[in-house]
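Student: Sending over a structure as structure tokens; questions will come in a sec.
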Amino acid sequence: MARKLKAKDKDADPLESVAEFDPDTIEETDVPNAQVASEPISPLGPPAPVTDPGLSSIELLLKEANRRIEQLQADLTTEREQRQELERKYFQTEALAAQAEKALTGLEQEKQKRQELERKIAVMETEMKHAQSKAETMEKEREARLELERQINSVKFKAEQLPEVAEELAEERKARVTLEREKASLEIEVQHARKLDQLLTEERQARANAQMRASSAESRLAQLEGELAAAKSKRSFWNRG
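For what it's worth, my numbering labels the leading residue of the sequence shown as 8, then goes sequentially.
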């Protein structure tokens, strides 16, 4: 934009018309108090009417040229200020555009980094889920293996204890047979003892009965002896009489 403004200023050089001015080309009509309203000299408008009759046409022309030059210089200053303002705004806009482009580039890079991180996070989450599932499966398999090992160890322990258990079982059976035999023998002895006790009881009862009968017989014998003695006494008494 700055280059375009400079080219425009070069094309519109305000001193170009003054450099090409030729006093010999002035017609007689260009005299004081001439009517110039139909073709104005200045592009900015008709010049102010000249009222001083003492000025020559060259002086009038130079005065008008000076006025036009001052006006053009003022316009040039204004244009330059506007151009400088536009250049400043252009540079500011260009800087803002560069900053915006840089920001957009950074934003795009950040977006790509974010997308890459999101992709990596998604991959890591998938891998973590797979690893967690695999770990759970391995834990179940480990628990199953430990349970099998416990069962195998228990079976091995029982298998190692089988000879001892068999020996103990044989001893228990032998002891049971011995106890059963002793029990049978004791039962026979108990039965024999019961029979002996019964016989002893019967013998004691028979002895008691015999003693009772003997006592009764002795009493009867004593009674009979008394009666016999009484009878003998009575017979003796009768014999004496």
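Where is the CB? At the ideal position from N, CA and C, for every residue including glycine.
(1) Expressed to the nearest angstrom, what Euclidean distance is found between the alpha-carbon atoms of F164 and R180?
(2) Distance, Cα to Cα, L153 vs E194?
(3) Assign L79 to one of two classes, buried (16 or more other C-beta atoms within 10 Å of its C-beta) or exposed (fewer than that).
(4) Which of the three DSSP states is assigned to S63 in this structure?
(5) So, is R90 buried or exposed, given that buried needs 16 or more other C-beta atoms within 10 angstroms?
(6) How long is the line joining the alpha carbons of A221 and S243, rounded to whole angstroms?
(7) Taking just the CA atoms, how far does R149 sit from E143?
(8) Buried or exposed for W245, please, with buried defined as at least 16 other CB atoms from any protein chain shown within 10 angstroms of its CB.
(9) Express the C-alpha separation of Y97 and P50 in angstroms, rounding to a whole number.
Tutor: To lay it out plainly:
(1) Looking at the two C-alpha atoms, the distance is approximately 23 Å.
(2) If I take the Cα positions, the gap works out to 56 Å.
(3) Buried is the call here.
(4) In the three-state scheme derived from DSSP, where H, G and I count as helix and E and B as strand, S63 is classed as coil.
(5) Counting Cβ neighbours within 10 Å, R90 comes out buried, since at least 16 surround it.
(6) Straight-line measurement puts the Cα of S243 at about 32 Å from the Cα of A221.
(7) Those two C-alpha atoms are separated by around 10 Å.
(8) Burial is judged here by how many other beta carbons sit within 10 angstroms of a residue's own beta carbon; W245 has fewer than 16 and is exposed.
(9) Confidence in P50 is poor, its pLDDT being 49 and thus under 50, which makes the residue's placement unreliable; the coordinate value appears in the next sentence. Going by the C-alpha atoms only, they are around 30 Å apart.
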